[in-house]
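**Q**
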Amino acid sequence: MDSESISLPELPGEGAQLDSPAEEHELGSVEDHKNVLLHLLSQLRLGMDLTKIVLPTFILEQRSLLEMFADYMAHPDLFLNITRGEDPEARMMAFVQWYLTAFHAGRKDKIAKKPYNPIIGESFHCCWLLSPPSNSLPVEAKTVTNVSATTPETEQLIITYHAEQVSHHPPVTAFYFECPAHRMELTSSVHAKSKFQGMSVSVTMVGKTVLRLGEHNNEEYHFTLPTAYARSILTVPWVELGDKVNIQCPQTGYSANIVFLTKPMRGNKLHRISAEVYAPQPNGGTVPERNTVPSNLVGRVTGEWNSVLEFEWLTKDGKKWSVDVSTLPVNRKCVRPIEVQRPEESRRLWQHVTNALRSGDVQLATEKKRELEERQRSSEKFRTRHRIPFPVKYFEWNGTTWTFRKPPTADASDTS
Numbered sequence: 001m002d003s004e005s006i007s008l009p010e011l012p013g014e015g016a017q018l019d020s021p022a023e024e025h026e027l028g029s030v031e032d033h034k035n036v037l038l039h040l041l042s043q044l045r046l047g048m049d050l051t052k053i054v055l056p057t058f059i060l061e062q063r064s065l066l067e068m069f070a071d072y073m074a075h076p077d078l079f080l081n082i083t084r085g086e087d088p089e090a091r092m093m094a095f096v097q098w099y100l101t102a103f104h105a106g107r108k109d110k111i112a113k114k115p116y117n118p119i120i121g122e123s124f125h126c127c128w129l130l131s132p133p134s135n136s137l138p139v140e141a142k143t144v145t146n147v148s149a150t151t152p153e154t155e156q157l158i159i160t161y162h163a164e165q166v167s168h169h170p171p172v173t174a175f176y177f178e179c180p181a182h183r184m185e186l187t188s189s190v191h192a193k194s195k196f197q198g199m200s201v202s203v204t205m206v207g208k209t210v211l212r213l214g215e216h217n218n219e220e221y222h223f224t225l226p227t228a229y230a231r232s233i234l235t236v237p238w239v240e241l242g243d244k245v246n247i248q249c250p251q252t253g254y255s256a257n258i259v260f261l262t263k264p265m266r267g268n269k270l271h272r273i274s275a276e277v278y279a280p281q282p283n284g285g286t287v288p289e290r291n292t293v294p295s296n297l298v299g300r301v302t303g304e305w306n307s308v309l310e311f312e313w314l315t316k317d318g319k320k321w322s323v324d325v326s327t328l329p330v331n332r333k334c335v336r337p338i339e340v341q342r343p344e345e346s347r348r349l350w351q352h353v354t355n356a357l358r359s360g361d362v363q364l365a366t367e368k369k370r371e372l373e374e375r376q377r378s379s380e381k382f383r384t385r386h387r388i389p390f391p392v393k394y395f396e397w398n399g400t401t402w403t404f405r406k407p408p409t410a411d412a413s414d415t416s
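In case it helps, full-length UniProt numbering puts the sequence shown at residues 1 to 416.
(1) Mark E371 as exposed unless 16 or more other C-beta atoms lie within 10 angstroms of its C-beta, in which case mark it buried.
(2) Around the Cβ of M199, are there at least 16 other Cβ atoms within 10 angstroms (buried) or fewer (exposed)?
(3) If we count Cβ pairs, one from each stretch, closer than 8 Å, do we get three or more for the stretch 323 to 334 versus the stretch 72 to 82?
(4) Does the distance from the CB of R107 to the CB of E219 come in under 9 Å?
(5) Would you kindly check if the distance between the Cβ of W350 and the Cβ of V166 is under 9 Å?
(6) Confirm the yes/no value for this check: CB of V330, any heavy atom of the ligand ADP, distance under 8 Å.
(7) Taking DSSP as the reference, what is the three-state secondary structure of K320?
(8) Output the distance between the C-alpha atoms of K263 and G253, rounded to the nearest integer angstrom.
(9) Which stretch, first to last residue, makes up the beta strand (DSSP E) that contains Q281?
(10) Who are the Cβ neighbours of K103 in its own chain at under 6 Å, not counting the five residues just before and after it?
(11) S378: buried (16+ other C-beta within 10 angstroms of its C-beta) or exposed?
(12) Going by the beta-carbon positions, is the gap between M245 and F223 smaller than 9 Å?
(13) Let's test the definition: count the other Cβ atoms within 10 Å of the Cβ of H169 and tell me whether it reaches 16, buried, or not, exposed.
(14) With burial defined as no fewer than 16 other Cβ atoms inside 10 Å of the residue's Cβ, what is the status of S7: buried or exposed?
(15) Is Q376 helix, strand or coil when you go by DSSP?
(16) Would you mind working out which of S232, P171, R183 sits nearest M205, comparing C-alpha positions?
(17) Could you tell me which residues DSSP puts in a beta bridge with I59?
(18) Give the DSSP-derived three-state secondary structure of P88 in the structure shown.
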């Protein structure tokens with residue numbers, strides 16, 4: 001593929017503006033559409049894959065899944081703190097802090113809604129412009145970080161985000177975050193598998209995500225994303241996370257285990273998490289007896305992922321601090337205006353659906369959504385008939401996962 005075909009939109013780009021908080025226009029309560037949902041549910045079976053099921057338009061979130069993944073960078077300062085950690089232990093603690101604060105921004109609405117299913121070839125691009133680190137780091141975060149002396153205090157940092165729908169069957173999204181100044185790269189390709197579970201719908205993110213720290217000999221952090229559940233889908237749908245997540249750094253041996261606890265039928269709080277951070281297991285180390293504290297346990301986290309998180313760093317004299325994610329300022333992303341976006345970019349591609357939803361015209365939104373889906377099906381049939389693979393633009397398959405395809409200019413600037 002030639003360099004022109006993989007040219008990236010310039011970021012921030014001319015006319016780019018800080019993104020305003022999305023205004024979701026309510027299209028009536030779920031109760032108002034209960035007959036539609038009951039008819040849909042009557043056609044479903046427990047455990048059924050919902051990937052190919054056409055869901056009613058009124059439950060849509062008014063943005064694409066590609067844009068939703070950008071919410072993981074709601075607190076980019078905490079992301080940058082990872083590479084600023086002075087040793088592997090500090091970096092793993094900082095990673096866990098960023099990871100656990102990365103979910104609330106995308107699920108702040110009280111009512112669960114579904115983002116648009118991306119069209120194959122659809123893309124989304126944005127960036128974040130950050131103030132000098134000395135002015136932007138939260139007090140709690142400074143306890144686990146060491147600001148790099150090689151970065152001028154007056155330098156404005158930029159983090160870029162590129163996402164593309166690289167496959168339709170199965171539906172796979174690839175996305176990439178980068179901070180060139182600190183040589184941080186996060187690459188992910190995930191397949192969202194949704195299943196019907198009675199009065200709930202589960203969405204499991206199957207795939208591989210890797211953060212690479214160029215400032216630390218390409219130290220890598222391998223991790224997955226928790227399963228999301230839409231509960232009470234016939235009344236007031238709400239989101240719950242539930243899963244066991246493992247974070248591994250192969251180069252240093254540090255790891256973390258995080259459990260997103262689902263609420264039992266009776267009692268206990270919602271949205272609880274429990275996390276433990278471990279140093280490498282000493283050579284010849286034995287498995288600890290039950291109910292004993294492992295000798296390589298270095299940190300713990302408890303609390304709720306959408307509220308207060310309590311951190312304890314055991315090897316730093318039991319250092320403790322808390323983070324209330326509901327009060328953390330969300331860094332708004334910079335997005336180019338729709339009129340200068342390419343036709344395949346999410347906001348331009350879905351603009352007629354979004355405008356119709358915002359004006360409360362569900363019928364028009366459904367028609368515009370159907371037009372996009374029909375166009376995708378027609379294109380896919382043509383490619384299948386003529387055995388033409390889809391020309392993925394920004395990512396490439398390396399045999400095991402999708403990786404970001406850097407333009408030549410970007411590579412050149414990295415080595416300068």
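Glycine residues also receive a C-beta, built at the ideal position from the N, C-alpha and C atoms.
**A** Working from what's here:
(1) Numbered from its first residue, the sequence shown carries residue 371 at position 371. Flag for E371 reads exposed.
(2) Walking along the sequence shown from the start, residue 199 turns up at place 199. Counting Cβ neighbours within 10 Å, M199 comes out exposed, since fewer than 16 surround it.
(3) yes
(4) Counted from its first residue, the sequence shown places residue 107 at position 107. Counted from its first residue, the sequence shown places residue 219 at position 219. Not in contact: R107 and E219 (Cβ atoms no closer than 9 Å).
(5) Translated into the one-based positions of the sequence shown, residue 166 becomes position 166. Translated into the one-based positions of the sequence shown, residue 350 becomes position 350. Going by C-beta atoms, V166 is not nearer than 9 Å to W350.
(6) Absence of the ligand ADP from the depicted structure is noted, as is the absence of any ligand whatsoever, leaving it without description.
(7) Position 320 of the sequence shown, counting from 1, holds the residue named residue 320. Correct three-state label for K320: strand.
(8) Translated into positions along the sequence shown, residue 263 becomes position 263. Translated into positions along the sequence shown, residue 253 becomes position 253. If you take the alpha carbons of K263 and G253, they lie about 32 Å apart.
(9) Counting from 1 along the sequence shown, the entry for residue 281 is found at position 281. Unbroken run through Q281: none, as it is neither H nor E.
(10) As a working note, residue 103 is residue 103 in the sequence shown. For the record, residue 103 in the displayed sequence is Phe; it is not Lys. Only W305 meet the Cβ criterion.
(11) Locating residue 378 in the sequence shown gives position 378, where the first residue counts as 1. The residue in question, S378, is exposed, as its Cβ has fewer than 16 Cβ neighbours within 10 Å.
(12) Counting from one through the sequence shown, the residue named residue 245 turns up at place 245. Counting from one through the sequence shown, the residue named residue 223 turns up at place 223. Checking the sequence, you will find Val at residue 245 rather than Met. Yes, Cβ-Cβ distance for V245 and F223 is below 9 Å.
(13) In the sequence shown, counting from the first residue as 1, residue 169 sits at position 169. It is exposed - the Cβ of H169 has fewer than 16 other Cβ atoms within 10 Å.
(14) Working through the sequence shown from its first residue, we reach residue 7 at position 7. Under this definition S7 is an exposed residue.
(15) On the sequence shown, residue 376 is found 376 positions in, with the first residue counted as 1. Three-state DSSP puts Q376 in a helix.
(16) Position 205 of the sequence shown holds residue 205. Among S232, P171, R183, the Cα nearest to that of M205 is on P171.
(17) The residue you call residue 59 lines up with position 59 of the sequence shown. Paired residues: none, contrary to the question.
(18) The residue given as residue 88 occupies position 88 in the sequence shown. If DSSP states are grouped into helix, strand and coil, P88 belongs with the helices.
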